[in-house]
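Trainee:
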Amino acid sequence: MLRPLLFVSACLLAAPAVAQVHTPTSNLPVPSLDLARYAGKWHEIAHLPMFFQRKCVSDITAEYTPLADGTLQVVNSCRDKEGEVETATGTARSVTGRSGALEVRFAPRWLSWAPVAWGDYWVVEIDPDYQWAVVGGSSREHLWILSRTPTMERSLFNELRKRTEARGYDLSELIVAAPLK
């Protein structure tokens, strides 16, 4: 009689630990993002496939410039397979009450009233010195790992990848777009 009771007790005590293994880490935006420090040029190290990046094969960057109205101008650029530079210009705005949550629009300005024109751009992790960032969204369907430099240490990349998977992102199709050292 004692042995089954011990077994049941052990199972009950272990259940929260087992449940925790399968629960993704929070996917919330960082609680504090300094847009002035975030502004500038970022190099894409890796991303999940997105239709608007299908032509990009190298030199993928994003440049953020603060504007007088509190938004950021966004200029994304990359090289296609012919070596030509592709660019897209958009606007990023803060989501009220959520410092690390932004919305980005690449649609024409006259469509900015339409909620469908804006997409989530959540900074879910950032280096204290703003040297790298992990950007995703509420759906976990898009992801970018960014760096201030065109390369990243492999050990740092692997750690960010591991933490991003713990947030519930499926990285089976992750495209590494820059050299790892």
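FYI, in mature numbering (1 follows the signal peptide of the UniProt record, and there is no 0) the residues of the sequence shown are -19 to -1, 1 to 162.
Glycine included, each C-beta is placed from N, C-alpha and C at the ideal position.
No experiment lies behind these values; they were computed from the predicted model shown.
Considering only C-alpha positions, which residue in the set 80, 154 and 139 is nearest to residue 15?
Mentor: 80
Trainee: Per DSSP, which residues does residue 106 bridge with? Please list them.
Mentor: 115
Trainee: Where residue 6 and residue 51 are concerned, what is the direct C-alpha to C-alpha distance, given to the nearest angstrom?
Mentor: 31 Å
Trainee: Would you give the residue range spanned by the beta strand (DSSP E) that residue 163 belongs to?
Mentor: Absent from the structure is residue 163, since the part of the chain shown begins at -19 and ends at 162.
Trainee: Quick one, which of 103, 56 and 88 has its alpha-carbon nearest residue 11's?
Mentor: 103
Trainee: Determine which residues share a DSSP beta bridge with residue 42 and list them.
Mentor: 24 and 58
Trainee: Would you call the region 42 to 49 and the region 132 to 150 touching, i.e. three or more CB-CB distances under 8 Å?
Mentor: no
Trainee: One question on the structure: do residue 127 and residue 114 come within less than 8 Å of each other, judged by their Cβ atoms?
Mentor: yes
Trainee: Please state if the CB of residue 82 and the CB of residue 98 are separated by a distance shorter than 8 Å.
Mentor: no
Trainee: Give the straight-line distance between the Cα atoms of residue 40 and residue 60, rounded to the nearest whole angstrom.
Mentor: 6 Å
Trainee: Is the separation between the beta-carbon of residue 163 and that of residue 20 shorter than 8 Å?
Mentor: Nothing can be reported for residue 163: it is not among the residues displayed for the chain, which extend from -19 to 162.
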